[in-house]
Every structure is written in C-alpha cells, then in structure tokens.
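Down below is the structure, laid out as structure tokens.
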Amino acid sequence: MAHILSITPIPLLSGILWLVLLLLAMYFARKPFHRSMASFGRIIYNAMRLAASSVKLAEKRLQLRNQEVLMTAGLELAERKVEREFDRISDAVRRDLEGYPKVQRMLSEDLLKLEEDYQKSAEIPQTLPDWVKVIDAIANIKPTGDRMVVNMLEEIHQTLNEQHKAAVERHRRDVAERHGILSRTLPFWRNVKKTLSGVEKAISNLNQRSKKIDRYMDNYEKTLNQSETAARQLSSSSLTQFFISGVVLAVAVVGAMINFNLVALPMSEMVGGNSYIGNFKTSDVAGMFIVSMEIVLGFFVMDALRITRLFSIIGSMEDNKRKTIFWVLFIFLFILACVESSLAFMRDRIAADMEALRQSLAGMDTSQTVTSNIPTYGQMIMGFILPFILTFVAIPFESFISSSRTVLGLLAAFALRIIAFVLRLLGNLGFYISRLIINAYDLVIVPALWLEGVIIQKRSQTKDIEDSRDQTDREARERRRRTENNAQQKEAIE
Amino acid sequence: MRPTGLLLLLIGWMLMTSCSQGVDRSRGVYMLLDTSGTYTAELKKAQTIINYLLGTLQPGDTLAVGRIDTGSFSEKDIVAKVRFDPRPSVANNQKRSFQQTIEQFVTTVRGSNYTDISGGLLQAVEYLNEAGAGQKYILIFSDLQEELAKGHVRDVPFQLSGFNVIALNVTKLRDDIRDPRKYLDRVEKWRGKTEKGGANWRVINDLERLESIFAH
C-alpha cells in the first residue's frame, strides 16, 4: 500500500493520481464491462428460466404419474369393493336361491293343503229340516178332545223333539268340524307368510347390495374417467390412510419391541450370551429374527386370506392351494407362538434367578421374597398372543406402503414446484443484480461521466451554432436567388 | 418397498455390520487381595467389591481372585477363578459358587508376613493372558506397601500393554498421615511401574463408585 502511495512525494497526490487513473481505466472499460455484465445477467436469467421450465416439466410429469398411480390405486380399491360385493351377492344368491325350489315346494304344499281345507270347509252343514211349518200346521189343529188325536199329537211332538235334538246335534258337529278345518289352516297361512317374508327379505337384501354395487360402479366410472372429484377424494383418502396407518404401525413397532424383549433374554440360553454379530449380541439378533419371522408370516397369512395383496402370487393362487398355504403358515405361526410362550416362561425364570442372585450378592435375605405365578402366566399369554396380533400389522403396512407412494409423490411434486420457483427467483435476481452492478459501476465513475457529458454538451452547442449559421446562410442565399428571379421576371415582362 | 426388499435390506445390513466382527468383547478381571498384616481387616470391603463384580460380569467373562502374601507369584495363591458359561442360568450358578468360595476365604484367611504385590501382578498378567480376554482388568486391593521376603527378586519389567490396572482402597498408613508425601510417592511409584509396562493406571478409593471400574 505504501509502495502504491509513493509514486509521488505526496501520498495524497499519489492517491488522487491512482484514483484518476482508475476512474479513467474504468471509464474506458465501461462499454465492454456493461456488455459483459448484461450478457452475464442474461446468461443467468436464461439458464435459470430454462432450468425452471425443465423442473416445471418434470413436476407436470410427476403430477401426471401421481394421478395415474392414484387412479390405479382407486381403480384397484373400487374393483376390490365391487368384487367383494359380487362375492357377497353370489353367497346370498347361493344361500337364498339354492333353497328356492324347496321354498316353492313348501309353498305349493301349503297352498294345496289350504285349498283342500277350503274345499272341505266349503261343504255347508245340513240345515235343520223345515219342520217349523209342520209344527205350525200341527199346532194350528184345534183341539177336538179326541183322545186318539191327543195321543197322536203327543207322539208326533215327542218324535219331533227327538229328531230336532238329533238335528241340532248334527248341525253343531258339522259347524265344529268346519271350524276345526279353518283353525287347521292357520299354521299353513303362517307358514306361507313366513316363507314369503323370507323371500321378501332375501330380495330386499339383494336389492340393497345391487344399489351398493351401483354406487361402487359409479365411483369406479368416475375414477376411470379420471374426474377431478375422484382425484380429490382419492388424494385425501390416501393422506388419511398414510397418517392413520403410520400411527398404527408405530403402535405395532412398540408391540414388536415388547415381543423382542420377551424373547431376547431366553435366546441367550440357546445361542449364548457372549457372542456378537457386528455390534449386536447374537441372542438379540436371534430374538429380532423370531419377531421378524412372525411379522413376515403374518404378511403371508393375510395375503393367503386375501385380506392384503402384498404378494400378488399368493392372492392369485387357486383356492385349494391358497387354503393349503394358509394352513401351513398358520401352523408355523402357531408353533412360533408356542415357542415364544415357552421363551417367555424361560425369561421369567431366568429373570427371577438373576434377581435372586442380585439380592444374594447385595446381602439381602431372599427367603422373604414374595413369589407369584401371575406374572409368569401373564408373560406366557402375552408371548402366545403377540405373534397373532402382529399378524395384523400386514393391514396397516399395506395401507402405509400404498399411501406413502401418493404422499411421497405429492411431496416430490411440491418440492419440484418450490425448486422451479427458486430457480426463477435466482434467474431474476441474477438479471437485476447485473443491472445493479452496471448502475453501481456508473455511479463509481460519475466524475468521468459528468466530464463526458459536459464535453458532449459543449460539442453539441458548437455544432448547433454552426448549424444555425449554415441555416442563415442558406436562407440568405435563397432570398437572394428569389430577388434575382423576380428582377429577371420583371425585366422579361418589360 | 415390498417386505422382501426390507428383509433383504436387513440381511444386507446385518452382513455389513458382521464384517466388523472380530472384536473380543469379553472381560477378564483378576483381583489381588492384600492379606498382609492389618490389611486383612479390610477384606470385608473386598468381598463387597467381588460381589459387585459378580453382579456386573456377563456370560463369557472371566473372574479370578488371588491373594497377595509372601510369595504371590504362584497358582496356589489363586483363591477362586471362573470363566462364566455363555448360558445365563449356568453363569448364575457359577457366580453363587464363587461367592461361597470367597465367603469361606474371607472368614478363614490368615495374615501373611510379607507383601509381594509385584509377584501377584505377574501372576495376574500371566493368568489373564492365558484366559485370552478382550479387555483385561487387574484390581489391586491393597495399601500398595510392598515388603518382599529375603531372596525374592521382583525387579522384572511388567508387560502390561492392553491392561487396566486399578488400585482399590489404597489406605493411608500411620506414616502417611504424618507425611503425605510417602503415600503420594507410593502411589506414584506404582503408577510409574505399571504405565511403563503399557498399562492404564487408575486409583479408586471411594467404594461407592465401583461402576467407574469398567468406565474408560
């Protein structure tokens, strides 16, 4: 610095000289600097815009792909629902309509019996003989006092009374019989009513299912047409699924850890407590392996039951094979549950033994320790149940995986959008920063520019004066020429 | 990602981590008990330390207790030794048996005339090297006042590379109270001897902080 300021005896003068030289250099380099800065700004601007449009394009593609995935998932879901409803309808039809001939036969039989009874009941009981008139006629006979007539009339009266009693008795019997027939028809009517209400119920059930299928089919069509509504619904459903299944998986992880703790200690009895795989105890790895095996078996079991579709090959197997695989897997799971239960028992014993030793080493009296079998049973039950509970992890796991694709896609699209925005922002910033630098450059060399302005102004003033002189000369010459012309014309006229 | 993928990832990770296998994590502890003179009265404290060790050591670890007497460089001075079985239940039984042996020793021990700490240290080194433990600890339960019998040569350089030598309960003698430099010199002398041999030397006098034995 001192060397720079020593080009003249006075440092200030040296500084001013350097400043003037620098300004001069900057003034002369102004145009190339402006051009290069403008080019630099444009390069940044164009490059960033190009990159932003490329990212935007990638985002669009990703969004399209996301929508495809979403729609495919939606279609699969709708298909699954429709398929399930068809299965249910098929079951209902098989259950209800398989018995339809039987129902029909029952109805026919009941109706036949009803008809027979109706016909039987249609036989009107014999009415009482028309003796009233005869009796009236006999009653109207005036008493003559003839003994023979009296006897005869008494005989007739007695006979009539007896026959009347018999007729009334017969009539009552006939009516009772008719009532009996009618009362026997009542169960048949009830049977018919019950059968018909059963048929009605089955039909209404089928009707409801068909309406449900209609609704599912509508959704399916909407999804197939890739409508906005379907996309929104599916997207929101995916997000919900993602969070819910995430929470359930977190709970399952805690369960798996408890399960692991139940088996890790007793595993050291089998594989030894002093060997390591990497940084982990072999017994811990073995315990983790058992828990993992249970979870994997759970995945297979759920696939074999067609509850999940993690492995399409299992779901697409023939029913017989699938059932066989299910039972094989279930037996394995059951064996693992039994093993784990016994390991839990062993763990309890080892832990109790360790605790007793610890107390003995600490000089405590171990005979006073209260022992109970309840924790042992509890651990054994937990050890047995947890593998089966972990089986159900497959359901949230499948939901999590399928919804995470959508969620990750959405996040990636959002990230790409942000990147595109940032790139555009950088491009604009680069462009305007180059402009700012140009203006700042001009600001630094303001004295030189001011001087240039003054010089140019002076030059232009001189030029203006010269121009006005030329103009005056031209006008004078013109006037002179016109005067001469006028004079010539006058001379010619004269 | 499908579960098979996760499983493969897990197996790969396990294989990768297993590449780092080969580090022997087993611990070998040799405890020297000073049975000379008045220090015999301190052996109850030693028993507490041994009980702590029994509670802390894991299957696969090695524990031995040797006495410091007139001539400690001898297998006969090993009071009890055990390599814990890999199975925890068996190891627990071994610990119980070890505890009983020590109990018996503490109640029947008689004080010796001389204190051959160097001989005990040499015996400990030999034993732990033979045991092949990954981490080696020699615990010296003594006041570090060495008194050799006539004719015993202990001017042998120690080979203590990889050993942790920990002096426990280094009590102050009557002379130390009058002149603390003697105590400090004594401790410093053993520090120098062991560190010269490549050992990591520590002193733990507070028996409430026994967990710092295995803390590096």
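Protein chains in written order, with our numbering: chain A, 1137 to 1630; chain B, 51 to 266. Don't be surprised by glycine CBs; every beta carbon is placed ideally from N, CA and C.
- For I1461 (chain A), no CB of chain B lies under 8 Å from its own CB, so it is not counted at the interface with that chain.
- In the DSSP assignment, M1429 (chain A) falls within the alpha helix (DSSP H) that extends over T1418 to A1440.
- Membership of R1560 (chain A) in the alpha helix (DSSP H) is indicated by the continuous run A1530 to V1580.
- E238 (chain B) has its alpha-carbon roughly 18 Å from the corresponding atom of F213 (chain B).
- At the C-beta level, N219 (chain B) and K94 (chain B) stay beyond 8 Å of one another.
- Contact annotation, F1435 (chain A) with F1536 (chain A): C-beta distance approximately 13 Å; criterion of less than 8 Å not satisfied.
- Between S168 (chain B) and E196 (chain B), the CB-CB gap stays under 8 Å.
- In the same chain as N1202 (chain A), and ignoring 5 residues on each side of it, the C-beta atoms closer than 6 Å to its own belong to G1545, in chain order.
- Contacts between S1404 (chain A) and chain B, judged by CB atoms closer than 9 Å, involve P109, P136, R137 and P138 in chain order.
- Between A1188 (chain A) and L1559 (chain A) the beta-carbon gap is near 4 Å, inside 8 Å, which marks them as a contact.
- Neighbours of S76 (chain B) in chain A, taken as residues at a C-beta separation under 8 Å, are given in chain order as N1410.
- Non-local beta-carbon contacts of E1215 (chain A) in its own chain, meaning distances under 8 Å to residues more than five positions away in sequence, involve Y1356 in chain order.
- Between the alpha carbons of R1571 (chain A) and S1596 (chain A) lies a distance of about 29 Å.
- According to the DSSP assignment, G1519 (chain A) belongs to no beta strand (DSSP E) but to the alpha helix (DSSP H) extending over I1510 to T1527.
- Put simply, of A:F1533, A:I1574 and A:S1496 the residue whose alpha carbon is nearest the alpha carbon of Y102 (chain B) is A:S1496.
- For D84 (chain B), the number of other beta carbons within 10 angstroms of its own is at least 16, and it is reported as buried.
- Residue range R77 to D84 is occupied by the beta strand (DSSP E) that includes D84 (chain B).
- A residue is called buried once 16 or more other Cβ atoms fall within 10 Å of its Cβ, and K145 (chain B) is buried on that count.
- Interface annotation for the region 1474-1493 of chain A against chain B: I1486, D1489, M1490 and L1493, criterion Cβ-Cβ distance under 7 Å.
- The contact set of L83 (chain B) on chain A, defined by CB atoms closer than 9 Å, is empty, because the minimum CB distance reaches about 17 Å.
- With contacts defined as CB atoms closer than 8 Å, L257 (chain B) and I188 (chain B) fail to qualify as a contacting pair.
- For R146 (chain B), the chain A residues whose Cβ falls inside 8 Å of its Cβ are L1493 and S1496, in order along the chain.
- Selection A:R1445, A:I1426 and A:G1382 evaluated against A1473 (chain A) yields A:I1426 as nearest (Cα-Cα).
- Counting C-beta pairs closer than 8 Å gives fewer than three between the region 1391-1409 of chain A and the region 122-129 of chain B, which falls short of the contact rule.
- Taking 8 Å as the threshold, the shortest C-beta distance from N142 (chain B) to chain A falls below it.
- Of the residues assessed, I190 (chain B) falls on the buried side of the cut-off, its CB having 16 or more other CB atoms within 10 angstroms.
- Residue-level contact check: L93 (chain B) does not touch chain A, since none of the beta carbons of chain A fall below 8 Å from its beta carbon.
- For G105 (chain B), the nearest CB of chain A lies under 8 Å from its own CB, placing it at the interface with that chain.
- Among the CB atoms of chain A, one or more fall inside 8 Å of the CB of Q149 (chain B).
- In this structure, A1548 (chain A) lies away from L1159 (chain A), with their beta-carbon atoms at least 8 Å apart.
- Between the region 1402-1420 of chain A and the region 97-117 of chain B, the count of Cβ pairs shorter than 8 Å is three or higher; the stretches touch.
- Close CB contacts of H1170 (chain A) within its chain, under the 8 Å cut and outside five residues either way in sequence, are with I1574 and Y1577 (chain order).
- In the three-state DSSP reduction, S122 (chain B) falls in the coil class, being neither helix nor strand.
- A direct Cα-Cα distance of roughly 11 Å separates F134 (chain B) from A114 (chain B).
- Classified as exposed, Q1299 (chain A) has fewer than 16 neighbouring CB atoms from the shown chains inside 10 Å of its CB.
- Per the coordinates, the alpha-carbon of S1538 (chain A) lies some 11 Å from the alpha-carbon of E1212 (chain A).
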